[in-house]
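*Asks:* Provided herewith is a single structure, encoded as structure tokens, for subsequent inquiry.
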């Protein structure tokens with residue numbers, strides 16, 4: 078039985094405006110794409126499980142993914158490859174992913190709510206058309222919904238890749254620098270899905 082929670086997320090920043098919440102998943106892993114999502118929710122949307130995806134169980138995220146995809150006014154998910162991450166750096170790769178997700182929405186938002194503290198104008202969205210919100214995924218429902226989609230789609234992709242590269246345990250660590258993952262890199266080397274610009278201390282050569 079799912080645990081009952083009391084979570085208070087804001088439905089919007091400004092009433093009457095079409096707002097899209099944007100978030101990403103996978104900034105910290107050593108392997109795999111970073112995924113970004115954009116979601117426009119109905120102004121009266123509410124679900125008792127909706128929260129920052131990191132504070133939810135995998136089962137709760139799966140439940141919410143179905144609800145969001147069914148009830149959102151518009152949603153989109155975008156992946157940014159390891160090659161692009163290495164070229165752009167992970168911050169701007171994440172921003173690029175959110176921008177692409179916004180451009181894929183079936184409905185054009187008036188305003189963007191961005192999780193975090195960095196973004197940049199693009200297309201018709203200038204500085205007055207978006208707001209960055211630190212801990213936005215624990216503040217606004219639309220950002221929380223975007224975090225759920227980004228996280229579930231990324232976990233699904235890493236599980237798929239794990240079947241091709243079982244040595245790295247990506248179905249368990251999802252590309253993050255766990256002991257298991259570091260040990261596998263030492264033994265088997267990097268794959269085409271690893272981010273070459275990421276240099277964890279555990280893999281740095283030592284003098285002794």
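Residue numbers (my numbering): 78 to 285.
In this text, a Cβ means the ideal position worked out from N, Cα and C, and glycines have one as well.
1) Rounded to whole angstroms, what's the CA-CA distance from residue 239 to residue 248? Just pull it up for me.
2) Which of the three DSSP states is assigned to residue 279 in this structure?
3) Rounded to the nearest angstrom, what separates residue 262 and residue 227 at their Cα positions?
4) Can the beta-carbon of residue 97 be found less than 8 Å from the beta-carbon of residue 182?
5) Give me the residue from 124, 153, 131, 151 with the minimum Cα distance to residue 140.
6) Nearest by alpha-carbon distance to residue 95: which of 193, 207, 157 is it?
7) Going by other Cβ atoms of all chains shown within 10 Å of its Cβ, with 16 needed for buried, is residue 217 buried or exposed?
8) Please specify which runs of the beta strand (DSSP E), each continuous and at least 3 residues long, are wholly inside the region 198 to 237, giving them in chain order.
9) Just curious, the beta strand (DSSP E) that residue 115 is in, first and last residue?
10) Rounded to whole angstroms, what's the CA-CA distance from residue 229 to residue 177? Just pull it up for me.
11) For residue 150, which of 197, 280, 222 has the nearest alpha-carbon?
12) Whole angstroms is fine: what's the gap from residue 164's alpha carbon to residue 232's?
13) Quick one: what's residue 157 bridged to in DSSP?
14) Are the region 125 to 137 and the region 248 to 260 touching, with three or more C-beta to C-beta distances below 8 Å?
*Replies:* Judging by the given coordinates:
1) Going by the C-alpha atoms only, they are around 6 Å apart.
2) Helix, per DSSP.
3) Here the alpha carbons of residue 227 and residue 262 stand approximately 26 Å from one another.
4) Going by beta carbons, residue 97 and residue 182 fall inside the 8 Å limit.
5) That would be 124, whose Cα lies nearest to the Cα of residue 140.
6) Distances from the CA of residue 95 to each of 193, 207, 157 were compared; the closest alpha carbon is that of 207.
7) Within a 10 Å sphere around the beta-carbon of residue 217 sit 16 or more other beta-carbons, which makes this residue buried.
8) Here the runs fully enclosed are 207 to 210.
9) From DSSP, the beta strand (DSSP E) with residue 115 extends over 111 to 117.
10) Cα to Cα, the separation comes out at about 18 Å.
11) Per the Cα distances, 222.
12) Approximately 23 Å between the Cα atoms of the pair.
13) In DSSP, residue 157 forms a bridge with 111.
14) The region 248 to 260 and the region 125 to 137 do not touch, with fewer than three beta-carbon pairs separated by less than 8 Å.
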